[in-house]
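Enquirer: Take this structure, written in structure tokens, and hold onto it; I'll ask about it next.
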Amino acid sequence: MNTQTTYAIGVDIGGQTTKIGLVDRHGNILSTDIITSNDTTDPHTFSQRLANAIIALIERHTTLDNVTGIGIGAPMGNYYTGCIDGAINLPWCNGQTIPLVRWLKELTGLSAIVTNDANAAAMGEMAYGIAKGMNNFIMVTLGTGVGSGIVVNGKVLYGCDGYAGELGHVIVERHNGRSCGCGRSGCLETYTSARGIERSVREWLTATNLPSLLRQKDIATITSKDIYEAAVKGDKLAKDAFALAGEKLGEAFANFVAFSSLEAIILFGGVTKAKDFFYPSLMEHMEKNLISFWKGKVKVLFSILKESDAAILGASALAWEIKHYIRID
Numbered sequence: 202m203n204t205q206t207t208y209a210i211g212v213d214i215g216g217q218t219t220k221i222g223l224v225d226r227h228g229n230i231l232s233t234d235i236i237t238s239n240d241t242t243d244p245h246t247f248s249q250r251l252a253n254a255i256i257a258l259i260e261r262h263t264t265l266d267n268v269t270g271i272g273i274g275a276p277m278g279n280y281y282t283g284c285i286d287g288a289i290n291l292p293w294c295n296g297q298t299i300p301l302v303r304w305l306k307e308l309t310g311l312s313a314i315v316t317n318d319a320n321a322a323a324m325g326e327m328a329y330g331i332a333k334g335m336n337n338f339i340m341v342t343l344g345t346g347v348g349s350g351i352v353v354n355g356k357v358l359y360g361c362d363g364y365a366g367e368l369g370h371v372i373v374e375r376h377n378g379r380s381c382g383c384g385r386s387g388c389l390e391t392y393t394s395a396r397g398i399e400r401s402v403r404e405w406l407t408a409t410n411l412p413s414l415l416r417q418k419d420i421a422t423i424t425s426k427d428i429y430e431a432a433v434k435g436d437k438l439a440k441d442a443f444a445l446a447g448e449k450l451g452e453a454f455a456n457f458v459a460f461s462s463l464e465a466i467i468l469f470g471g472v473t474k475a476k477d478f479f480y481p482s483l484m485e486h487m488e489k490n491l492i493s494f495w496k497g498k499v500k501v502l503f504s505i506l507k508e509s510d511a512a513i514l515g516a517s518a519l520a521w522e523i524k525h526y527i528r529i530d
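One rule links them: number in the working numbering = place in the sequence shown (from 1) + 201.
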């Protein structure tokens, strides 16, 4: 490694936007940029746009020679292979396996490494956030989808194939569960992600005559932001949608505790802005379903890092260790 290297690039690929940060060894994000993630179905177009943004961000502050590499957090990012494997929330992925690490190296000349976006957020939280000093916790990202990063004995759990941590796709509704983009039904993500909460509201507005401020909007285009704003105004249907999400999260978290005996579950992502509306329900249903000797012991915490900083910082932390990374081709 060049001893002059002083920076790393951290990339957080989300369903709506992709955030890029130039980070120093102390975890300071010196500059950021944002590109859209959902306005193309062509993976080459997205990769070229991302590469261009990375190069432009670097050249505004330093040179390519002073950057150790690119760390990426992405849905279905596979640490072992360097690919994004059929991420259902990324239209340019479109069910394909995208060799993003190889493409970015070809386009930028920099080494790259990828992991699941929630794993990256967990690494950032462990190094710089509320999980500092914790060795056993789960990071759950509540955004367009639901992801998770599992940390055991201070190390991210990848499993035998790089896919460990798909807790958004545990089944929480066995009978008449909602269809999920993964091909199954009743997954946690279909009730607790931003899209899942939108589905709750649309179902209730269509199937019932319950009063709601949201009836003033086109049902097909209602967003989680609309629902949050209605809940703030006291709208019961909106508040019930968040309470249902909290119920499903609480029941699932009780199961997560049973297999991991963790210290804490840390929540991150856009949906956490509505924590006042889902946290009471979450805690009620988690405590009700915990085995007795874990009751009252497991903390549910919210990220203290700025929006997306945990994922950018965690992804950049990967880049410092690129020299130890061996990708399977």
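Just so it is clear, CB atoms sit at the ideal spot from N, CA and C, and this is done for glycine as well.
1) Which partner residues of ALA275 appear in the DSSP bridge assignment?
2) Per DSSP, MET340 forms a beta bridge with which residues?
3) Throw me the rounded Cβ distance for the TYR429 and ASP362 pair, which I believe falls under 8 Å.
4) What first and last residue would you give for the beta strand (DSSP E) that runs through TYR208?
5) Inspect the CB distances between the stretch 262–278 and the stretch 291–308 and report whether three or more fall short of 8 Å.
6) DSSP state of LEU311, grouped into three classes?
7) Can you give me the Cβ contacts of ASP286 inside the same chain, cut-off strictly under 6 Å, excluding the 5 residues immediately before and after it?
8) When you compare each of GLY222, VAL499 and ALA395 to SER232 by their alpha carbons, which one comes out closest?
9) Measure the Cβ-Cβ separation of SER517 and ALA511 and say whether it is below 8 Å.
10) Around the C-beta of ARG396, are 16 or more other C-beta atoms found within 10 angstroms, so that it is buried, or is it exposed?
11) Using a Cβ-Cβ cutoff of less than 7 Å, which residues in the same chain neighbour GLY355 once the five nearest sequence positions on both sides are dropped?
12) Which runs of the beta strand (DSSP E) at least 3 residues long sit entirely within the stretch 427–496? Give them in chain order.
13) Nearest by alpha-carbon distance to GLY348: which of GLU390, ALA442, ALA332 and ALA328 is it?
14) Determine whether the Cβ of ASP510 lies closer than 8 Å to any Cβ atom of chain D.
15) Would you say the stretch 439–458 touches the stretch 312–331, given that touching needs at least three Cβ pairs under 8 Å?
16) Under 8 Å Cβ to Cβ from LEU265, same chain only, skipping five residues before and after it: list those, please.
17) Just checking my contact of LEU544 with GLY216 at CB under 8 Å: how many whole Å lie between their CB atoms?
18) Looking only at C-alpha atoms, which of GLY330, GLY228, LEU483 and LEU251 sits nearest to LEU506?
19) Please name the residue or residues paired with PHE503 in a DSSP beta bridge.
20) For ALA313 and ALA254, what's the separation of their Cα atoms in angstroms?
21) Report the CB separation of LEU415 from LEU438 in whole angstroms; it is logged as a contact under 8 Å.
22) Any idea what DSSP makes of THR591, helix, strand or coil?
23) Which of the three DSSP states, helix, strand or coil, is assigned to VAL371?
24) Within 10 angstroms of the Cβ of ILE289, are there 16 or more other Cβ atoms? Answer buried if so, exposed if not.
25) Using DSSP's beta-bridge definition, name the partner residues of ILE235.
Expert: On the basis of the coordinates in this document:
1) ASN317
2) GLY350 and ILE467
3) With a Cβ gap of about 37 Å, TYR429 and ASP362 do not count as contacting.
4) 208–214
5) yes
6) coil
7) MET277, ASN279 and THR298
8) GLY222
9) no
10) buried
11) ASN336
12) 465–469
13) GLU390
14) Given the protein chain composition of this structure (a single chain), no chain D is represented.
15) no
16) ILE256, ILE259, THR309, GLY310 and LEU311
17) Limits of the chain in this structure are 202 at one end and 530 at the other, which puts residue 544 out of reach.
18) GLY330
19) LEU468
20) 15 Å
21) 7 Å
22) No answer is possible for residue 591: the residues shown for the chain start at 202 and end at 530.
23) coil
24) buried
25) LYS220
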